[in-house]
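Everything on this sheet refers to the single structure shown next.
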Amino acid sequence: MVRLQEGETITTFFVIKEREIKRAANGSEYANFSLQKNDQIIRAKLWDITDEQKGQFLRKAIVKVEGKVGAYRGKWQLTIHRIRLATEDDPITVGDLISKEGVQREELWQDLRYMMEEVTSKTLQSIIKQLYSQKELRERLTTIPASQHYHHTYYAGLLDHIVHVTQSAISLLPLYPNVNKNIVIATCLLHDLGKTETFTEAIAPEYSLEGEYMGHIALSLELVQDAAKEAGIERGNHELLAVKHCIASQYGDTSQGYGSTVSPKTAEAVFFQHIKQLNATLQALESVQEAAHETWTYSPMLKRKVYTNLDKRSKEG
Numbered sequence: 220m221v222r223l224q225e226g227e228t229i230t231t232f233f234v235i236k237e238r239e240i241k242r243a244a245n246g247s248e249y250a251n252f253s254l255q256k257n258d259q260i261i262r263a264k265l266w267d268i269t270d271e272q273k274g275q276f277l278r279k280a281i282v283k284v285e286g287k288v289g290a291y292r293g294k295w296q297l298t299i300h301r302i303r304l305a306t307e308d309d310p311i312t313v314g315d316l317i318s319k320e321g322v323q324r325e326e327l328w329q330d331l332r333y334m335m336e337e338v339t340s341k342t343l344q345s346i347i348k349q350l351y352s353q354k355e356l357r358e359r360l361t362t363i364p365a366s367q368h369y370h371h372t373y374y375a376g377l378l379d380h381i382v383h384v385t386q387s388a389i390s391l392l393p394l395y396p397n398v399n400k401n402i403v404i405a406t407c408l409l410h411d412l413g414k415t416e417t418f419t420e421a422i423a424p425e426y427s428l429e430g431e432y433m434g435h436i437a438l439s440l441e442l443v444q445d446a447a448k449e450a451g452i453e454r455g456n457h458e459l460l461a462v463k464h465c466i467a468s469q470y471g472d473t474s475q476g477y478g479s480t481v482s483p484k485t486a487e488a489v490f491f492q493h494i495k496q497l498n499a500t501l502q503a504l505e506s507v508q509e510a511a512h513e514t515w516t517y518s519p520m521l522k523r524k525v526y527t528n529l530d531k532r533s534k535e536g
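Numbering (my numbering), first residue to last: 220 to 536.
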């Protein structure tokens with residue numbers, strides 16, 4: 220995490236997530252960048268960009284930037300003074316720049332494998348194994364972010380989200396003995412697998428053709444149904460339907476407009492919806508707080524300003 224202060228000049232490495240070429244009023248061209256370092260994304264502007272620079276500073280490129288920190292509409296922005304491509308001699312890799320400090324992909328994967336054993340239903344076990352045995356799905360699951368802009372936006376963010384949602388469920392389920400553990404844990408493991416087909420890559424993810432057309436909920440349901448068919452499970456199987464219902468209603472009541480295709484109608488769906496949203500919302504708040512330079516900062520996920528507790532952070536620093 221790059222700790223920023225308005226007016227300071229910083230020199231550090233970033234990966235370019237997005238780039239847009241614009242034309243100024245005087246006719247010269249400039250570039251707007253979205254630059255990433257770990258789970259922080261900052262806007263940056265390079266004035267009077269040359270044709271050579273336009274050919275160099277593309278999406279996914281690693282760059283060393285010297286720039287002055289400013290604020291624009293409540294967010295940090297860099298005015299770039301100098302910029303160059305990283306070289307083989309620079310001690311930096313793309314993995315260093317798109318990972319979140321403390322998030323260990325291998326450890327998370329091992330945690331997830333252990334938690335799969337919590338599902339004792341043979342029907343649901345067969346679906347989980349059918350999907351997680353697919354090498355390409357597993358590779359994408361363990362590298363892509365959970366979203367582009369809202370929560371868990373870093374390398375292996377989707378894996379981090381699934382692991383923590385599952386851990387939360389395992390911890391809380393003993394307090395609710397009437398909630399079916401197999402349905403909930405299976406849902407935790409399966410609910411976002413459609414994102415492996417929604418995003419194009421881990422470094423600078425964009426929506427795939429399938430992602431734009433269908434959305435990740437529909438794609439998750441298709442993957443689960445295909446796996447069930449491969450395992451010889453009938454479409455009307457009650458456990459299969461219960462898990463698909465939880466996936467379809469994961470964003471709560473349809474009247475809220477967050478993306479559910481049906482409102483939660485079972486105890487398991489209500490339980491899952493709340494632990495998923497708790498994890499996503501708190502992580503989004505954490506990201507806003509870490510990058511904030513004002514006491515109240517806008518959260519894109521919550522669509523309102525949130526308290527960032529800058530006084531406490533400054534004392535800790």
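Heads up, the beta-carbon is just placed ideally off N, CA and C, and yes, glycines get one too.
Exposure of residue i, with buried meaning 16 or more beta-carbon neighbours within 10 Å
i	result
Q475	exposed
Q323	exposed
L460	exposed
R301	exposed
S468	buried
T527	buried
K341	exposed
R238	buried
N399	buried
V481	exposed
N266	The amino acid occupying residue 266 in the given sequence is Trp; Asn does not appear at that position. Answer is exposed; the Cβ neighbour count stays below 16.
N401	buried
H457	exposed
Q224	exposed
P424	buried
K348	exposed
P310	exposed
D379	buried
A488	buried
R359	buried
K522	exposed
Y470	buried
I240	exposed
T312	exposed
K236	buried
H370	buried
P519	exposed
H435	buried
T514	exposed
G321	exposed
K463	buried
L438	buried
T228	exposed
Close-in-space but distant-in-sequence residues of the same chain around residue i (CB under 8 Å, 5 per side omitted)
i	result
N397	A486
S387	I494, L497 and N498
Q275	L304
L350	L356, L409, L412, L442, V443 and A446
A243	Y249 and W266
E307	none
Y477	Y470 and G471
V282	F232, F233, V234, I235, L254, F276, I302, R303, L304 and A305
Beta carbon proximity, residue i to chain D, threshold 8 Å
i	result
A243	Looking for chain D here will not work: only one protein chain is present.
7 Å CB neighbourhood of residue i in its chain, flanking five on each side removed
i	result
S533	Note that S533 scores 49 on pLDDT, short of 50, meaning its location in the model is unreliable and no value can be drawn from it.
T516	G293, V507, K524, V525 and T527
L392	V398, K400 and V403
V382	L327, D330 and L331
A450	S345, I346 and Q349
G289	E225, Q296 and T298
N-terminal and C-terminal residue of the beta strand (DSSP E) that residue i is part of
i	result
T500	Per DSSP, T500 belongs to no beta strand (DSSP E); it is in the alpha helix (DSSP H), A486 to A510.
S518	W515 to S518
E239	T228 to R242
P525	The sequence shown places Val at residue 525, not Pro. R523 to Y526 is the span of the beta strand (DSSP E), which, as asked, contains V525.
6 Å Cβ shell around residue i - same chain, five flanking residues per side excluded
i	result
Q344	V338
W328	T361
A447	I346 and L459
T230	E285
K319	N257, D258 and Y373
Y426	none
Residue i - containing alpha helix (DSSP H), residue span
i	result
S439	H435 to E449
I466	H457 to A467
Only counting runs of 4 or more residues, tell me where the alpha helix (DSSP H) segments fall wholly within the stretch 350-420, in order along the chain. 354-360, 376-391, 400-409 and 414-417
What residue ranges within the stretch 246-328 form continuous beta strand (DSSP E) runs of no fewer than 3 residues, ordered along the chain? 248-256, 259-265, 281-291 and 294-304
Taking contact to mean 3 or more Cβ pairs, one atom from each stretch, closer than 8 Å, check whether the stretch 501-514 and the stretch 417-425 are in contact. A contact is defined here as three or more CB-CB pairs under 8 Å, and the stretch 501-514 fails this definition with respect to the stretch 417-425.
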